[in-house]
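Residue numbers (the numbering used here): 836 to 1122. Scroll down for the structure; my scribbles are underneath it.
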Amino acid sequence: MPYQGEGTPGATDVVTYLDAYERRYQLDVRRPVRVTSVTERDRRLEIHTDKSDWSASAVVSATGTWSNPYIAAYPGSAEFRGVQVHSALYDGPTAFVGQKVLVVGGGNSGAQIYAELSSVAKAQWVTQQEPTFLPDEVDGRVLFERATERLRAQQEGRPVEMSGGLGDIVMVPPVKDARERGVLHTVRPFAHMTETCVVWPNGVEEQIDAVVWCTGFRPALDHLTSLGVVRTDGRVAVDGTRSLSQPRLWCVGYGEWTGSASATLIGVMRSARSTALEIDAALTTDS
Ligand SMILES: Cc1cc2nc3c(=O)[nH]c(=O)nc-3n(C[C@H](O)[C@H](O)[C@H](O)COP(=O)(O)OP(=O)(O)OC[C@H]3O[C@@H](n4cnc5c(N)ncnc54)[C@H](O)[C@@H]3O)c2cc1C
C-alpha cells in the first residue's frame, strides 16, 4: 500500500487506497446490495438480494465478521435491566460517567475501552484469564509479524515456535495511562446476572449499572443458512476456502478456519489468490 505521509497510515488512508484499487481495476461493484439468501438450482447458485436476483456458477462469500457482534452467554443476562452494549456500538465514555461498569473481554477492545472508562467510571475489567501485555516498545505490528511467521512455519513444515499470542494487549497510550494510575487489573468472570446485579463465584452480589461486552465477532453467514452449509458452530466446513458440501461456494476472510491470518487485510491475500485460481480451474472444468 503506497503511503506518502509520515507515521502510521490511518483509517482514511486505507479507505482511499481501497477506493483507488476499485477504480484502477475497474471492479464492477454493485452497492448497496444486501444478499438475503443463496440457493442451488440446476447446478448453479441463485443469489437473492434486496435489489434483484443473480444466477452464478461460483460464489465467494466474503461478508466478514464486523456486522455480527457476539455477546457471551451468561445465565441471567436477559433479565439484567441495566445497559448492555457491545464494543461494536460503544460510543465513548460520556454515557458512563460515574457509573458502575463491567468491561467483559480480554482482547485489545476490552483493554482499550476499560482503560478509557476507568478514568471516568467505577469500572472493572472481567477476563477469563490474566491477559498478556506486550512490551511497551512494540506496537500492534508485532501481532501481524507473529501471524506471518506462523503461516511461514506451517508452509515450510517447521514446528510453530510462537513467542506470544495473536491477541496480546498492545500498550497504546490509554492502556499505559491506566497502568500508571494503578488500575490495570482484571477479575475473573461472574457466575450469573440478576435484574440489577452480577453475582461473583463466591456468591457476593454486586450492583452494576452497565456492561460493555468486548467479546468479539462471529462470521456473518446468515445468507448461507438457506444452502444448509452453516454448522452449529457458525462456520462452514471447508477444504482451504472451498465448501465441502457445496462445491460452487468459497468462503474467504473469516479467520483461521478459512486461512491463517485471513481476517486481516494483509493475511487474506494468500487465501484470496488461491481461491481465485481454484475458481478459474473449476469454471474451466465446468465449461
Ligand atoms: C480497529 C481495527 C484495526 C485493524 N487494523 C488492521 C491492520 O492494521 N492491518 C490489517 O491487515 N487488518 C486490520 N484490521 C482488520 C481489517 O479491518 C479486516 O481484515 C478487514 O476489514 C476484513 O475485510 P473483509 O472484506 O473480509 O470484511 P469486512 O470489512 O467486514 O467487509 C465485509 C463486507 O460485507 C458486507 N456484508 C455483510 N453481510 C452482507 C450481506 N448479507 N450481503 C451483502 N453484503 C454483506 C459488509 O457490509 C461489508 O461491507 C483491523 C480491524 C479493526 C477493527
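Note that beta-carbon positions come from the ideal geometry of N, C-alpha and C, so glycine has one too.
Please report how far the alpha carbon of Thr-1120 lies from the alpha carbon of Thr-874, in whole angstroms.
Rounded to whole angstroms, Thr-1120 to Thr-874 spans 22 Å at the Cα level.
Would you tell me roughly how many angstroms separate the C-alpha atoms of Thr-1093 and Gly-1075, rounded to the nearest one?
Whole-angstrom Cα-Cα distance: 6 Å.
Say yes only if the C-beta of Ile-1101 is nearer than 6 Å to one or more non-hydrogen atoms of ligand 1, and no if none qualify.
Flag set: Cβ of Ile-1101 near ligand 1.
In three-state DSSP terms, what is Lys-886?
Looking at Lys-886 - three-state DSSP - the assignment turns out to be coil, as it is neither helix nor strand.
Work out the CA separation of Cys-1032 and Ser-912 for me, nearest whole Å.
Cα to Cα, the separation comes out at about 10 Å.
Could you check where the alpha helix (DSSP H) with Gln-990 kicks off and where it finishes?
976-990 is the span of the alpha helix (DSSP H), which, as asked, contains Gln-990.
So is the beta-carbon of Thr-898 under 6 Å away from any non-hydrogen atom of ligand 1?
Distances between the C-beta of Thr-898 and the heavy atoms of ligand 1 include at least one below 6 Å.
Within 6 Å: the Cβ of Ser-902 and any heavy atom of ligand 3?
For the structure depicted, ligand 3 is absent and the ligand set comprises only ligand 1.
I'd like to know whether the C-beta atoms of Gly-945 and Val-938 end up nearer to each other than 7 Å.
The answer is yes: Cβ separation under 7 Å.
To which residues of the same chain is His-921 closer than 7 Å at the C-beta, ignoring the five residues directly before and after it?
Exclusion of the five residues before and after His-921 leaves Pro-904, Ile-906, Trp-1048 as the residues of its chain whose Cβ lies within less than 7 Å of its Cβ.
Candidates Asp-888, Thr-898, Val-870, Asp-848, of which the one nearest Thr-1090 by Cα
A small correction: the amino acid at residue 1090 is Gly; Thr does not occupy that position in the sequence shown. For the residues Asp-888, Thr-898, Val-870, Asp-848, the minimum Cα distance to Gly-1090 belongs to Thr-898.
Report whether the distance from the Cβ of Ala-955 to the nearest heavy atom of ligand 1 is below 6 Å.
Strictly speaking, residue 955 in this sequence is Val, with Ala absent from that position. Val-955 has its CB no nearer than 6 Å to any heavy atom of ligand 1.
8 Å Cβ shell around Val-1099 - same chain, five flanking residues per side excluded
In the sequence as displayed, the identity of residue 1099 is Thr instead of Val. Closer than 8 Å at Cβ, skipping near neighbours: Phe-979, Ala-982.
Helix, strand or coil for Ala-950, going by three-state DSSP, please let me know.
Here Ala-950 sits in helix by DSSP.
By the 10 Å Cβ neighbour count, where 16 or more other Cβ atoms means buried, how is Leu-952 classified, buried or exposed?
With a threshold of 16 other beta carbon atoms within 10 Å, Leu-952 meets it and is buried.
Going by alpha carbons, who is nearest to Glu-988 out of Arg-1014, Arg-1053, His-1058, Ser-1095?
Strictly speaking, residue 988 in this sequence is Ala, with Glu absent from that position. For Ala-988, the closest of Arg-1014, Arg-1053, His-1058, Ser-1095 by C-alpha to C-alpha distance is Ser-1095.
Let's see if you can read the secondary structure: which residues bound the alpha helix (DSSP H) around Leu-1112?
Start and end: 1103-1121.
Measure the Cβ-Cβ separation of Val-995 and Arg-985 and say whether it is below 7 Å.
Yes, these two residues count as a Cβ contact at 7 Å.
Using a threshold of 6 Å, is the CB atom of Ala-982 nearer than that to any non-hydrogen atom of ligand 1?
No, the beta carbon of Ala-982 sits no closer than 6 Å to any heavy atom of ligand 1.
Using a Cβ-Cβ cut-off of 7 Å (strictly less than) and excluding sequence neighbours within five positions of Phe-1052, which residues of its own chain qualify?
Non-local beta-carbon contacts of Phe-1052 in its own chain, meaning distances under 7 Å to residues more than five positions away in sequence, involve Thr-900, Trp-901, Asn-903, Pro-904, Tyr-905 in chain order.
Val-870 Cβ short of 6 Å to ligand 1 heavy atom set:
Yes.
Close Cβ partners of Met-1006 (< 7 Å) along its chain, the five nearest in sequence each way excluded
Result list for Met-1006: Phe-968, Leu-969, Asp-971, in chain order.
Distance, Leu-1056 Cα to Gly-1069 Cα
Approximately 8 Å between the Cα atoms of the pair.
Assuming the contact rule is C-beta atoms closer than 8 Å, Ser-890 and Glu-881 should be a hit. Round their C-beta distance to whole Å, please.
Yes, they are in contact, since the Cβ atoms of Ser-890 and Glu-881 sit about 6 Å apart, within 8 Å.
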